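Trainee:
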Amino acid sequence: QGEKLDPTALEGLSGKSYAIANKRIAQIYAKGPAMLGYWRSVGNSLNDFFYESFLDELADKGGKDPFELRLHLLRDNQRLTTLLQAVGELSGGWKRGPFTAEDGSKRARGVAMASPFGTETAVIAEVSIEHGQVKVHDIWQAIDPGSIVNPAIVEAQVNGAVALGLSQTLVEEAVWVDGKPRARNYDLYQILPPARMARVHVRVIESGEKMGGIGEPPLPAVAPAVANAVATLTGQRVRSLPMSRHTFT
């Protein structure tokens, strides 16, 4: 298709604000039998998982703390610096771990950022491992939609988006067998049960910038924040979702 680019395929990959001098975003078209459909946060939902997880891998290779590395790469961007510092404060101060919680469980935290649809977000997730599976205890999210009308709606949207983000991170998958979906009805398609929902903490920041979206932007940073926390806790890098496919120790 020549130089034609699909903007959906590039969402969450192009336009990142990190001060990385040498970067290139390219796209290769591959024909496949599957039809693509959109879900909440569209291309950002997967691309921010790839990008923000890989950024943590780079931090590890360079012996850098992932939170501090992001602060360094955003040193010339006051809006995102403020946002990242805000989510750190919201979580009671950045601590990566692993550490032992009050209940005796071993836990760790991960951080990720996303900039979907004119809104800036930063997420910290705290996880432990229970019976070989990931348990997400808390999600802290600082969100800057530029300016807002109703703060209660913003908080409700963040909670809903986090629930969907955790669902796709932990359990959701479409499995095809002999060219047919295994889930022939809703009862066979697993979604996040209430017992696995994390506590959600929200801080809304109004930077006064142009108003961005609020329905989809709170979702994309959830998966990489959880994946980065899991890697810190277990040493296992998660490069495919859902996490229910993996057993963690």
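So the sequence shown is numbered by the working numbering: it starts at 4 and just counts up by one. The beta carbon of each residue, even a glycine, is placed where N, CA and C say it ideally should be. No experiment lies behind these values; they were computed from the predicted model shown.
Could you spell out the range, first to last residue, of the beta strand (DSSP E) harbouring Gly-113?
Mentor: For the purposes of this step, residue 113 is taken as the residue at position 110 of the sequence shown. Its beta strand (DSSP E) spans residues 109-117.
Trainee: Out of Thr-124, Trp-143, Gly-182 and Leu-61, state which residue places its alpha-carbon closest to the alpha-carbon of Leu-96.
Mentor: Your numbering for residue 96 matches position 93 in the sequence shown. Just to set this straight, residue 96 is Gly in the shown sequence, not Leu. If we check each option's Cα against that of Gly-96, Trp-143 comes out closest.
Trainee: Give the DSSP-derived three-state secondary structure of Gln-30 in the structure shown.
Mentor: As a working note, residue 30 is residue 27 in the sequence shown. Coil at Gln-30, not helix or strand.
Trainee: To the nearest angstrom, report how far apart Arg-240 and Ala-230 are at their CA atoms.
Mentor: The count along the sequence shown starts at 1 and reaches residue 240 at position 237. The count along the sequence shown starts at 1 and reaches residue 230 at position 227. About 7 Å.
Trainee: Only counting the same chain, and skipping five residues up and downstream in sequence, which positions put a Cβ closer than 8 Å to that of Ile-28?
Mentor: Locating residue 28 in the sequence shown gives position 25, where the first residue counts as 1. So the qualifying residues of the chain are Leu-13, Leu-16 and Ser-17.
Trainee: Could you name the residues of the same chain whose beta carbon sits closer than 8 Å to that of Ile-211, not counting the 5 residues immediately before and after it, in chain order?
Mentor: Position 208 of the sequence shown, counting from 1, holds the residue named residue 211. Reading off the sequence, residue 211 comes out as Gly, not Ile. Closer than 8 Å at the Cβ level, and outside the excluded window around Gly-211, lie Gly-149 and Ser-150.
Trainee: Could you tell me the boundaries of the alpha helix (DSSP H) in which Glu-92 lies?
Mentor: The residue you call residue 92 lines up with position 89 of the sequence shown. That run of the alpha helix (DSSP H) goes 81-93.
Trainee: For Ala-226, does the three-state DSSP call read helix, strand or coil?
Mentor: Residue 226 sits at position 223 when you count from the first residue of the sequence shown. Helix at Ala-226.
Trainee: Arg-82 to His-75, Cα distance in whole Å?
Mentor: The residue you call residue 82 lines up with position 79 of the sequence shown. The residue you call residue 75 lines up with position 72 of the sequence shown. Those two C-alpha atoms are separated by around 14 Å.
Trainee: Please state the DSSP three-state secondary structure of Ser-247.
Mentor: Within the sequence shown, numbered from 1, the residue matching residue 247 stands at position 244. DSSP places Ser-247 in helix when its eight states are reduced to three.
Trainee: To which residues does DSSP link Ala-145 through a beta bridge?
Mentor: Along the sequence shown, one-based indexing puts residue 145 at 142. Ala-145 is bridged to Ala-125 and Arg-206.
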